[in-house]
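Trainee: Quick one: structure below, then a few questions.
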Ligand code: GLN
């Protein structure tokens with residue numbers, strides 16, 4: 001992969017866009033920079049990062065390793081593979097689906113188009129779960145509902161090795177991905193996986209209640225927001241995103257039902273959408289079974305996670 005072996009056929013797709021038809025080789029650095037500009041023009045999210053993730057994938061190295069190989073010239077086959085990924089990403093196929101995984105809480109997770117791609121702001125759920133489980137002073141009982149690829153349940157389970165973890169989702173195809181991730185992180189013995197709609201605990205798992213901590217990143221996109229989603233988000237499962245006219249069709253039952261399955265003082269942490277905090281605050285007050293209610297903000301300063309404790 002270090003040879004200057006590039007033929008005109010392989011050079012063309014990149015050269016045509018840069019206007020450079022010279023014999024300059026397509027080094028790692030040139031590929032990243034060309035792709036970054038191409039992605040910027042096509043409004044692909046995080047253009048440079050996306051270029052690096054795709055290139056590292058075809059070169060079978062870590063993204064960081066690219067930085068020590070800027071002058072290297074990928075072989076023809078690798079370049080062809082990269083070109084195809086760049087084409088698909090420019091058409092807004094999410095990069096995480098193209099490479100088949102995504103980092104979350106410094107851990108690696110398999111993702112497919114059956115699951116929502118874990119977002120950095122969702123790491124707040126893990127922080128809250130760990131914080132609360134740490135404060136118990138005994139083995140905790142923890143339920144991650146709407147688990148998708150299992151990222152929140154697994155990231156928490158990896159750090160809280162004494163907690164019993166339940167991970168549920170309504171989608172069987174999402175649970176298949178979660179099971180793969182649970183096995184990959186060696187948590188098969190510690191995480192129970194089951195199909196469930198929101199917080200409707202399956203009868204055969206009733207003995208797992210009451211829980212000390214419940215987390216959920218449910219669908220919360222409203223009808224009008226669905227029309228405004230960026231093209232790459234539209235490729236993600238609609239069932240993981242859409243939650244009715246006001247986006248609260250899943251949050252409402254979760255907030256209403258959680259006190260039935262939480263122990264005294266148990267914590268509910270639910271991710272919510274931009275601008276939903278006020279409506280969720282009203283809902284929590286109407287349910288009237290919580291105290292110590294607040295919202296954790298994400299790095300953008302948005303109230304992102306409802307945190308509420310069941311009244312003692
Ligand atoms: N945060 C997601 C988005 O970017 C929505 C995820 C969800 O509905 N839980 O649209």
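Residue numbers (the numbering used here): 1 to 312.
Even for Gly, the Cβ is constructed at its ideal location relative to N, Cα and C.
Computed from a prediction, not measured in an experiment: that's the story for all the values here.
Just tell me which of 173, 164, 271 has its CA closest to the CA of residue 114.
Mentor: The sequence position of residue 114 within the chain shown is 114, counting from 1. Shortest Cα-Cα distance from residue 114 to any of 173, 164, 271 involves 173.
Trainee: Looking only at C-alpha atoms, which of 105, 121, 156 sits nearest to residue 130?
Mentor: Numbered from 1 along the chain shown, position 130 holds the residue referred to as residue 130. Among 105, 121, 156, the Cα nearest to that of residue 130 belongs to 156.
Trainee: Tell me whether the segment 96–112 and the segment 210–230 touch, counting them as touching only if at least three CB pairs, one residue from each stretch, are closer than 8 Å.
Mentor: no
Trainee: Just the C-alpha distance for residue 101 and residue 177, rounded to the nearest angstrom, thanks.
Mentor: One-based indexing of the chain shown puts residue 101 at position 101. One-based indexing of the chain shown puts residue 177 at position 177. Taking the straight line joining both Cα atoms gives about 11 Å.
Trainee: On the DSSP bridge list, what partners appear for residue 279?
Mentor: Translated into positions along the chain shown, residue 279 becomes position 279. For residue 279, which the question treats as bridged, DSSP gives no partner whatsoever.
Trainee: Please go through the segment 77–143 and give each complete beta strand (DSSP E) segment of 3 or more residues, from N-terminal end onward.
Mentor: 101–104, 107–110
Trainee: Could you tell me how far apart the beta carbons of residue 263 and residue 210 are, in whole angstroms, since I believe they sit closer than 8 Å?
Mentor: Locating residue 263 in the chain shown gives position 263, counting from the first residue. Locating residue 210 in the chain shown gives position 210, counting from the first residue. Between residue 210 and residue 263 the Cβ distance is about 4 Å, and since that is below 8 Å, they are a contact.
Trainee: Buried or exposed for residue 68, going by 16 or more other Cβ atoms inside 10 Å?
Mentor: Against the chain shown, residue 68 aligns to sequence position 68. So residue 68 ends up on the exposed side.
Trainee: Give, in chain order, every unbroken run of the alpha helix (DSSP H) that is at least 4 residues long and sits entirely within the segment 167–233.
Mentor: 172–184, 223–228
Trainee: Quick one: what does DSSP say residue 297 is sitting in, helix, strand or coil?
Mentor: Counted from its first residue, the chain shown places residue 297 at position 297. Strand at residue 297.
Trainee: May I ask you to verify whether the segment 161–170 touches the segment 139–153, counting CB pairs closer than 8 Å and requiring at least 3?
Mentor: yes
Trainee: Does the segment 68–84 come into contact with the segment 22–31, if we say contact requires no fewer than three beta-carbon pairs (one atom in each stretch) closer than 8 Å?
Mentor: yes
Trainee: Since residue 243 and residue 249 are thought to touch, with beta carbons under 8 Å apart, how far apart are those beta carbons, to the nearest angstrom?
Mentor: Along the chain shown, read from residue 1 onward, the residue named residue 243 stands at position 243. Along the chain shown, read from residue 1 onward, the residue named residue 249 stands at position 249. About 4 Å separates the two Cβ atoms, so the contact holds.
Trainee: Taking the straight line between their C-alpha atoms, what separation do you get for residue 247 and residue 76?
Mentor: Position 247 of the chain shown holds residue 247. Position 76 of the chain shown holds residue 76. About 47 Å.
Trainee: Distance, Cα to Cα, residue 214 vs residue 163?
Mentor: Numbered from 1 along the chain shown, position 214 holds the residue referred to as residue 214. Numbered from 1 along the chain shown, position 163 holds the residue referred to as residue 163. Rounded to whole angstroms, residue 214 to residue 163 spans 12 Å at the Cα level.
Trainee: If we count the other Cβ atoms within 10 Å of its Cβ and call it buried at 16 or more, is residue 309 buried or exposed?
Mentor: For the purposes of this step, residue 309 is identified with residue 309 of the chain shown, where counting begins at 1. Buried: at least 16 other Cβ atoms inside 10 Å.
Trainee: If I follow the unbroken beta strand (DSSP E) through residue 157, where does it start and stop?
Mentor: For the purposes of this step, residue 157 is taken as the residue at position 157 of the chain shown. Per DSSP, residue 157 is not a residue of any beta strand (DSSP E); the alpha helix (DSSP H) it occupies stretches across 151–159.
Trainee: Give a single yes or no on whether residue 197 has its beta carbon closer than 7 Å to a heavy atom of ligand 1.
Mentor: Indexing the chain shown from 1 puts residue 197 at position 197. No - ligand 1 has no heavy atom lying nearer than 7 Å to the Cβ of residue 197.
Trainee: Heavy atom of ligand 1 less than 7 Å from the Cβ of residue 234, yes or no?
Mentor: Stepping through the chain shown from its first residue, residue 234 is reached at position 234. In this structure, residue 234 has its CB at a distance of at least 7 Å from all heavy atoms of ligand 1.
Trainee: Is residue 291 helix, strand or coil when you go by DSSP?
Mentor: For the purposes of this step, residue 291 is taken as residue 291 along the chain shown, with counting starting at 1. Three-state result, residue 291: strand.
Trainee: Have a look at 154, 87, 233, 62 and flag the residue whose alpha-carbon is nearest the alpha-carbon of residue 123.
Mentor: Position 123 of the chain shown, counted from the first residue, corresponds to residue 123. The shortest Cα separation from residue 123 among 154, 87, 233, 62 belongs to 154.
Trainee: Taking DSSP as the reference, what is the three-state secondary structure of residue 49?
Mentor: Indexing the chain shown from 1 puts residue 49 at position 49. Helix.
Trainee: By alpha-carbon positions, which one of 281, 93, 43 ends up nearest to residue 290?
Mentor: Position 290 of the chain shown, counted from the first residue, corresponds to residue 290. Comparing Cα-Cα distances from residue 290 to each of 281, 93, 43, the minimum goes to 281.
Trainee: Locate the alpha helix (DSSP H) running through residue 33, then write down its first and last residues.
Mentor: Against the chain shown, residue 33 aligns to sequence position 33. 28–41 is the extent of the alpha helix (DSSP H) around residue 33.
Trainee: Rounded to the nearest angstrom, what separates residue 307 and residue 229 at their Cα positions?
Mentor: For the purposes of this step, residue 307 is taken as residue 307 along the chain shown, with counting starting at 1. For the purposes of this step, residue 229 is taken as residue 229 along the chain shown, with counting starting at 1. Rounded to the nearest angstrom, the two C-alpha atoms are 26 Å apart.
Trainee: So the alpha helix (DSSP H) residue 261 belongs to, where does it begin and stop?
Mentor: Translated into positions along the chain shown, residue 261 becomes position 261. Per DSSP, residue 261 belongs to the alpha helix (DSSP H) from 251–261.
Trainee: Could you check where the alpha helix (DSSP H) with residue 248 kicks off and where it finishes?
Mentor: The sequence position of residue 248 within the chain shown is 248, counting from 1. Neither: residue 248 is in no alpha helix (DSSP H) and is coded neither H nor E.
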